[in-house]
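Structure record follows, encoded as structure tokens.
Number of protein chains: 2
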Amino acid sequence: MDLQNFFPYRLAVLAEAVSQATARVYTEQHGLTRDEWRLLAALAELGSARTGTLHEHCTLEKMQASRGLASLEAKGLVARSQADDDRRAHVVQLEPAGRKLMAELVPKVLARQALLLSALGDEERAMLGPALAKVLAQAQRLRQLG
Amino acid sequence: MDLQNFFPYRLAVLAEAVSQATARVYTEQHGLTRDEWRLLAALAELGSARTGTLHEHCTLEKMQASRGLASLEAKGLVARSQADDDRRAHVVQLEPAGRKLMAELVPKVLARQALLLSALGDEERAMLGPALAKVLAQAQRLRQLG
DNA sequence: TATTGTTATACTCTATAACTATA
DNA sequence: TATAGTTATAGAGTATAACAATA
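Shown next as structure tokens:
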């Protein structure tokens, strides 16, 4: 058994290190959790969306999405309102303060990402994305099989 | 902001999926936590080691290593004894039951790893390891800089 | 009856630092 | 005074499922 070269271990260590290197930007300066960051990022992309859409888009449990959104609402960063077509559903969108925050955070976070990926050569960078996608698809297949 | 293509997000989602696809083997059948699995894997590799060596080798905090080892000892899978040269230190090694368990688990876990990586072409597989190592080194550099 | 989203609860994990015993 | 390892404790995060409102 060679733990250092065991793929799931390496991936876990890498994801943790990358997360710590990136999360600093939104954690320390603005007190956002990772879940809140994901929700804001999704909203910056989608404009507005239902809670259910966000929980899928952000790979969060619906409960985590619900709590994250409640927290973001309390901070005045997003607004929730009833959906027109289904009154059980809530539609979420960024408040001006949320838009302003994201306008500030996104460039910083993308700069971090660029710095991380600058360690790779062009070929590596081009291959990495598709490779990760293939492994993810395979992992999800395995998870379903049990 | 494109969350789906944000590298730290993709990595976190992938690591989680891979972990779930793999952890099943040692979690469900034997009630091991991820920390315990790492410690056992390191011991299977190193034969015997100090607590401190294990906590570095497994990327665990010394407290997590200490607790994991205490739990493994309670389960009769490892034994701890005082080190000869430094009586503050503990030397840990696998008990026969631990060796037997690992002889059973390791092939299953490696088979899972192979299945995961079978989604990749030869070129991709050859490039992935070094690419992940470069990004990890870069992330650790960034973490130190702050 | 099923679904959307929220809330409750208990449980686990984590982080910090205090502590014991050696060195 | 510093180090190896353990223990304490409080806070954060997680999982399960119950729940209210609506479909």
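Which chain is which? The protein sequence lines are A and B, in order.
Under our numbering, the first residue of the first sequence is numbered 13, with each subsequent residue one higher.
Under our numbering, the first residue of the second sequence is numbered 13, with each subsequent residue one higher.
Ideal Cβ placement from N, Cα and C applies to all residues, glycine included.
Of all the CB atoms in chain B, is at least one closer than 8 Å to the CB of residue i?
i	result
residue 38 of chain A	no
residue 65 of chain A	no
residue 14 of chain A	yes
residue 61 of chain A	no
residue 149 of chain A	yes
residue 111 of chain A	no
residue 68 of chain A	no
residue 123 of chain A	no
residue 54 of chain A	yes
Who are the near neighbours of residue i in its chain, counting only those whose CB is closer than 6 Å to its CB and skipping five residues on each side?
i	result
residue 54 of chain B	66, 69, 70
residue 93 of chain A	103
residue 76 of chain B	47
Just to confirm before moving on: does the CB-CB distance between residue i and residue j stay below 8 Å?
i	j	result
residue 147 of chain A	residue 131 of chain B	yes
residue 72 of chain A	residue 89 of chain A	no
residue 48 of chain B	residue 84 of chain B	yes
residue 34 of chain B	residue 118 of chain B	no
residue 86 of chain B	residue 105 of chain B	no
From residue i to residue j, what does the alpha carbon distance come to, in whole angstroms?
i	j	result
residue 145 of chain A	residue 154 of chain B	25 Å
residue 78 of chain A	residue 109 of chain B	45 Å
residue 50 of chain A	residue 15 of chain B	7 Å
residue 141 of chain B	residue 38 of chain A	29 Å
residue 133 of chain B	residue 136 of chain A	14 Å
residue 13 of chain A	residue 123 of chain B	12 Å
residue 41 of chain A	residue 60 of chain B	44 Å
residue 4 of chain B	residue 95 of chain B	This structure does not reach residue 4 of chain B, given that chain B is present from 13 up to 158, and the question cannot be answered.
residue 138 of chain B	residue 149 of chain B	18 Å
residue 125 of chain A	residue 143 of chain B	15 Å
residue 46 of chain B	residue 63 of chain A	32 Å
By Cβ distance, which residues of its chain are closer than 8 Å to residue i, with the 5 residues on each side in sequence left out?
i	result
residue 30 of chain B	128
residue 56 of chain B	106, 111, 114, 118
residue 17 of chain B	none
residue 22 of chain B	16
residue 100 of chain A	none
Mind checking if residue i is an interface residue toward chain A, Cβ cutoff 8 Å exclusive?
i	result
residue 108 of chain B	no
residue 30 of chain B	yes
residue 22 of chain B	yes
residue 146 of chain B	yes
residue 155 of chain B	yes
residue 73 of chain B	no
residue 48 of chain B	no
residue 34 of chain B	yes
Beta-carbon within less than 7 Å of residue i's beta-carbon, same chain only, minus the 5 sequence neighbours each way: which residues are those?
i	result
residue 157 of chain A	none
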